[in-house]
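Asker: Using this note's numbering, the first residue of the sequence shown is number 4, and each one after it goes up by one. A virtual CB, placed ideally from N, CA and C, is assigned to each residue, including glycine. Only a predicted model underlies this, so the values are computations on that prediction, with no experimental measurement involved.
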Amino acid sequence: MAIPFVDLKTQYQSIKEEVDPAVLKVMNNCNFVLGQEVKDFEKAFAEYCEAKFCVGVDSGYSALELALHAHDIGPGDEVITQANTFQATALAIHYVGATPVLVDCNPDTYNIDTTKIEAAITDKTVAIMPVHLYGQPADMDAIKAIAEKHNLKVIEDSAQGHGARINGKRVGGMGHAAGFSFYPGKNLGAYGDGGAVVTNDEAIAEKIIMLRNLGMKVKYHHDIKGFNNRLDTMQAAVLGVKLPHLDGWNAGRRQAAAWYEEGLKDTAVVTPMTPDHMESVFHLYVIRVPSMREEFMEYLGENGIASGLHYPIPIHCQPSFSELGYKEGDFPITEAYSQQIVSLPMFGELTKEQVDFVCDHVKKFSDQNW
Ligand SMILES: *Cc1c(COP(=O)(O)O)cnc(C)c1O
Numbered sequence: 004m005a006i007p008f009v010d011l012k013t014q015y016q017s018i019k020e021e022v023d024p025a026v027l028k029v030m031n032n033c034n035f036v037l038g039q040e041v042k043d044f045e046k047a048f049a050e051y052c053e054a055k056f057c058v059g060v061d062s063g064y065s066a067l068e069l070a071l072h073a074h075d076i077g078p079g080d081e082v083i084t085q086a087n088t089f090q091a092t093a094l095a096i097h098y099v100g101a102t103p104v105l106v107d108c109n110p111d112t113y114n115i116d117t118t119k120i121e122a123a124i125t126d127k128t129v130a131i132m133p134v135h136l137y138g139q140p141a142d143m144d145a146i147k148a149i150a151e152k153h154n155l156k157v158i159e160d161s162a163q164g165h166g167a168r169i170n171g172k173r174v175g176g177m178g179h180a181a182g183f184s185f186y187p188g189k190n191l192g193a194y195g196d197g198g199a200v201v202t203n204d205e206a207i208a209e210k211i212i213m214l215r216n217l218g219m220k221v222k223y224h225h226d227i228k229g230f231n232n233r234l235d236t237m238q239a240a241v242l243g244v245k246l247p248h249l250d251g252w253n254a255g256r257r258q259a260a261a262w263y264e265e266g267l268k269d270t271a272v273v274t275p276m277t278p279d280h281m282e283s284v285f286h287l288y289v290i291r292v293p294s295m296r297e298e299f300m301e302y303l304g305e306n307g308i309a310s311g312l313h314y315p316i317p318i319h320c321q322p323s324f325s326e327l328g329y330k331e332g333d334f335p336i337t338e339a340y341s342q343q344i345v346s347l348p349m350f351g352e353l354t355k356e357q358v359d360f361v362c363d364h365v366k367k368f369s370d371q372n373w
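Here you go:
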């Protein structure tokens, strides 16, 4: 048996009959940029996120950058985020001219440690950018309470969180704005790059509509200086077809996670923990191993099981962010976990047989080595 990390081919086969005509329709209409499909998808995705507005853009990175720009966050400002995130989170903060200020993660949830946020706040802090890492919602109640107390914006990095819930309510509409990614491997993925900003603030939505399109609301009338970060109609057509399937795929991921949890309980690995009032969408299924990670991943690979590392190097240890002046030891949980984490195969179509196959191999390695 060979088990891929994600299986986009199986998913495409399951929706081919729907998605092929939707793409062909765009080609026939030749409305390639900001066509009707973009508007339709934006409306549907806002509703899905239980938020008022959605503006489609060309990537998750752009969504975060434009969300920051729209809130006039820039040079001289500090934005707090977590040390154990994907580079794009910190880059978006950097490229609007602000400075990313990092905080360690909670040892159980891997999300930003909310007890450490206030110590990172200075008189330059203007926003917090929590990440719903691995599909698990950040502790938005605690984050919003801190933000209100210190008059900060909250911009969610929802690139891994499509559909995740806290107390039954979707992430994405919880802060001042949220950035989603539709990179193909995300829970809701386009057939190329794509992203969206979701917000309940009409003025922010209007501003992002201009920012993504060279600063125009009316053609050739440029009220502000914008960028070219538009969502392609073709991608919106794909996303529109896929959105109604998302809850089913996320349920498939949660089922696979439950099988993993059961199958790995007599091993030395640590499985993910989801707080009772939250519903993770398991963008990734990340376990922690006690030692011998390289050998473990090699063993999985030899047996046809793909695995990954998310992420092997924390932001403050990346050469690209050496200017922030952090040093090793600044974020002990993030650093320790970066040596222990392994991501196992995770996608909505994963079968019980496939999960059992992975668990059997983890158990064999665990019995022999740990
Ligand atoms: C994927 C991702 C992004 C960036 O999304 P792109 O669409 O690839 O630009 C940002 N933040 C996190 C946490 C991500 O996983």
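May I have the straight-line CA-CA distance separating T118 from A25, to the nearest angstrom?
Answerer: Roughly 47 Å separates the two Cα atoms.
Asker: What does the alpha-carbon distance come out to for the pair N232 and E81?
Answerer: When rounded, the distance between both Cα atoms is 24 Å.
Asker: Grab the span of the beta strand (DSSP E) containing A199 for me, first residue to last.
Answerer: A199 -> beta strand (DSSP E) spans 198-202.
Asker: If you follow the beta strand (DSSP E) that I149 is part of, which residue opens it and which one closes it?
Answerer: Not the beta strand (DSSP E): I149 falls in the alpha helix (DSSP H), residues 143-153.
Asker: Could you tell me the boundaries of the beta strand (DSSP E) in which R215 lies?
Answerer: Unbroken run through R215: none, as it is neither H nor E.
Asker: Taking 7 Å as the cut-off, is the CB of F44 close to at least one heavy atom of ligand 1?
Answerer: Every heavy atom of ligand 1 is 7 Å or more from the Cβ of F44, so no.
Asker: Could you round the C-beta distance between A199 and V58 to whole angstroms and report it? I think they count as a contact, below 8 Å.
Answerer: That belief holds up - the Cβ atoms of A199 and V58 are roughly 6 Å apart, short of 8 Å.
Asker: With a threshold of 8 Å on Cβ separation, who are the neighbours of H225 within its own chain once the five nearest residues in sequence on each side are excluded?
Answerer: Excluding residues within five positions, the ones whose Cβ falls inside 8 Å are L217, G218, M219.
Asker: Helix, strand or coil for A49? Go by DSSP, reduced to three states.
Answerer: Helix, per DSSP.
Asker: Return helix, strand or coil for N253, following the three-state DSSP convention.
Answerer: Helix at N253.
Asker: Going by DSSP, what residue range makes up the alpha helix (DSSP H) through D370?
Answerer: Taken as a continuous stretch (DSSP letters only), the alpha helix (DSSP H) holding D370 covers 355-372.
Asker: Given D250, which residues of its chain have a CB within under 7 Å of its CB, disregarding the five upstream and five downstream residues?
Answerer: Taken in chain order, the residues that qualify are G166.
Asker: Only counting the same chain, and skipping five residues up and downstream in sequence, which positions put a Cβ closer than 6 Å to that of M281?
Answerer: Hits under 6 Å: P140, I169.
Asker: Kindly give me the distance between the Cβ atoms of T112 and P278, rounded to whole angstroms, as I take these residues to be in contact under 8 Å.
Answerer: Confirmed, about 7 Å.
Asker: Could you give the distance in angstroms between the alpha-carbon of T202 and the alpha-carbon of H364?
Answerer: Rounded to the nearest angstrom, the two C-alpha atoms are 44 Å apart.
Asker: Determine, using beta-carbon pairs with one atom in the segment 138-157 and one in the segment 87-102, whether at least three such pairs fall under 8 Å.
Answerer: The segment 138-157 is not in contact with the segment 87-102.
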